Amino acid sequence: MKKFFKWVGIVLGGFVGLIAIALVVIYVVSQSRLTHVYQIAEEPISIPTDTASIEKGRHIFQFRGCEACHGENLEGTVYLDDPAVGKVISSNLTTGNGGVGSAMTDSDWARAIRHGVRPDGTGYLFMPSTEFYFLSDEDLGAVIAYIKSVPPVDSSLPASEISFTGRIVMTLVKGITFIPAELIPHDAARLTAPEVGTTPEYGEYLTQSCKVCHGLTMSGGMIPGFPSNWPPAPNITFGGGSALPTWTEDEFINTIRTGKTPEGKELRAEFMPWNSYKFMSDDELKAVFVYLESLPRLEYGNR
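In this note's numbering, the protein residues as written are 4 to 306.
Here's what the structure looks like:
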């Protein structure tokens with residue numbers, strides 16, 4: 004009997020040792036990714052100073068969802084605190100106490116927004132730069148101009164952090180990362196931004212953020228890397244299981260403006276950020292609708 008318990012102890016000790024080694028490896032691997040320095044070539048971006056451009060930058064900042072994260076006054080917010088992922092803290096972007104505005108150069112802003120990279124070259128956690136990489140130079144310059152124009156706000160917040168569970172997921176689950184800079188083709192030539200107009204091309208340009216949840220094909224499904232309490236994204240092509248099979252353009256625009264579908268369903272703003280997209284102009288929303296109509300009619304879940 005003593006031998007039996009001795010062997011049980013040895014086996015259990017071995018398992019504990021293996022688990023400890025695995026946890027150390029996960030920490031080391033994830034930490035190396037968190038501290039990786041990206042070499043991003045400086046991109047000359049013209050930053051306008053006229054009122055019209057600053058207003059355009061505010062408009063883009065709002066409908067692209069930046070205000071929803073950073074606050075109406077750019078003071079920063081605690082966007083998410085979930086042990087399964089970590090703490091998503093959006094920075095105070097102003098020049099007030101606790102803000103980063105005073106320390107950021109125009110090039111720093113461009114790298115942060117377009118590449119998801121800090122001034123020291125490391126990648127930001129959770130910063131959705133995969134959505135902003137394809138912003139035109141003109142739009143990016145207008146956004147930076149707007150950020151720089153906002154009055155200072157005193158607001159001190161901690162930095163974002165990833166939980167150990169998040170480190171495990173990021174290390175062991177292929178295709179999931181909480182460092183968006185890892186997903187961006189930093190040296191690849193960007194596509195030329197389409198001309199503004201009610202066209203599928205311009206509609207696609209306006210909907211880069213939508214693909215994060217609805218998938219590259221817009222056909223919906225479970226959202227990789229998101230908290231487990233998030234519902235699957237619906238299919239917003241006009242294919243099988245679509246949320247939009249009979250909607251008209253006017254009904255689509257009204258849904259985005261009000262958060263209520265033609266069927267009377269309330270869109271939950273914590274999951275579907277219509278409170279940001281409502282800032283789009285009618286012409287922009289028409290372009291989005293034309294783009295959605297142009298998509299292949301896929302069955303639900305073919306992300």
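Glycine is no exception: its CB is placed at the ideal position from the N, C-alpha and C atoms. Note that this is a predicted model, so its numbers are computed, not measured.
Query raised in the report: Does the distance from the CB of Leu301 to the CB of Thr240 come in under 8 Å?
Result: Reading the sequence shown from its first residue, position 298 is the one you call residue 301. Reading the sequence shown from its first residue, position 237 is the one you call residue 240. Cβ distance < 8 Å, so Leu301 and Thr240 count as in contact.
Query raised in the report: Are Gly218 and Val293 closer than 8 Å when you measure CB to CB?
Result: The sequence position of residue 218 within the sequence shown is 215, counting from 1. The sequence position of residue 293 within the sequence shown is 290, counting from 1. No; because the gap between Cβ atoms is not below 8 Å, this pair is not in contact.
**Report entry** Which of helix, strand or coil DSSP assigns to Thr133
**Finding:** The count along the sequence shown starts at 1 and reaches residue 133 at position 130. Three-state DSSP puts Thr133 in a helix.
Query - Cα-Cα separation, Gly60 to Ile50 - result: Position 57 of the sequence shown holds residue 60. Position 47 of the sequence shown holds residue 50. Cα to Cα, the separation comes out at about 10 Å.
Requested in this report: Would you decide whether Phe135 is buried or exposed? Buried here means 16 or more other CB atoms lie within 10 Å of its CB.
Outcome: On the sequence shown, residue 135 is found 132 positions in, with the first residue counted as 1. Counting Cβ neighbours within 10 Å, Phe135 comes out buried, since at least 16 surround it.
Query raised in the report: Which residues in the same chain as Asp142 place their Cβ atom closer than 7 Å to its Cβ, once the five residues preceding and following it in sequence are excluded?
Result: On the sequence shown, residue 142 is found 139 positions in, with the first residue counted as 1. The residues are Ile63.
Query - Beta-carbon proximity list for Phe66, same chain, < 7 Å, skipping 5 on both sides - result: Residue 66 sits at position 63 when you count from the first residue of the sequence shown. If we look at Phe66 and ignore the five residues flanking it on each side, its Cβ neighbours are Ser279, Tyr280, Phe282 and Met283.
Query raised in the report: Whose CA, out of Asp140, Thr251, Ser222 and Arg170, lies closest to the CA of Asp192?
Result: Residue numbering aside, residue 192 sits at position 189 when the sequence shown is read from its first letter. The question names Asp, but residue 192 is Ala in the sequence shown. Cα-wise, what sits closest to Ala192 is Asp140.
Query raised in the report: Is it the case that the Cβ atoms of Ser132 and Gly79 are separated by a distance below 8 Å?
Result: Against the sequence shown, residue 132 aligns to sequence position 129. Against the sequence shown, residue 79 aligns to sequence position 76. Taking 8 Å as the Cβ cut-off, Ser132 and Gly79 do not qualify as a contacting pair.
**Report entry** Proximity to Ser35 [Cα-Cα], best of Asn305, Glu185 and Ala113
**Finding:** Sequence index remark: in the sequence shown, residue 35 carries index 32 (1-based). It is Glu185.
Report task. List the DSSP bridge partners of Gly126. Result -> Position 123 of the sequence shown holds residue 126. Answer is Val120, bridged to Gly126.
Query raised in the report: Is Leu21 buried or exposed, if buried means 16 or more other CB atoms sit within 10 Å of its CB?
Result: As a first step, residue 21 must be located in the sequence shown, where it is residue number 18. The residue in question, Leu21, is exposed, as its Cβ has fewer than 16 Cβ neighbours within 10 Å.
Query raised in the report: Looking at the structure shown, is Gly79 part of a helix, part of a strand, or coil, going by DSSP?
Result: Residue numbering aside, residue 79 sits at position 76 when the sequence shown is read from its first letter. Coil, per DSSP.
Query raised in the report: Do the stretch 41-57 and the stretch 119-131 meet, that is, are 3 or more Cβ pairs less than 8 Å apart?
Result: yes
Query raised in the report: Do Ala290 and Gly200 have their CB atoms nearer than 8 Å?
Result: Position 287 of the sequence shown holds residue 290. Position 197 of the sequence shown holds residue 200. The answer is yes: Cβ separation under 8 Å.
Requested in this report: Could you have a look at Asn257 and say whether DSSP puts it in helix, strand or coil?
Outcome: Here residue 257 corresponds to residue number 254 of the sequence shown, with the count starting at 1. The answer is helix: DSSP assigns Asn257 an H, G or I state.
**Report entry** Supposed close pair Pro265, Glu252 - CB separation, criterion 8 Å
**Finding:** Here residue 265 is taken as the residue at index 262 of the sequence shown, counted from 1. Here residue 252 is taken as the residue at index 249 of the sequence shown, counted from 1. Rounded, the Cβ-Cβ distance is 12 Å, inconsistent with contact.
Query raised in the report: Cα-Cα, which of Ser93, Gly101, Gly99 and Glu164 is closest to Ala115?
Result: Position 112 of the sequence shown, counting from 1, holds the residue named residue 115. When only C-alpha atoms are compared, the closest one is Ser93.
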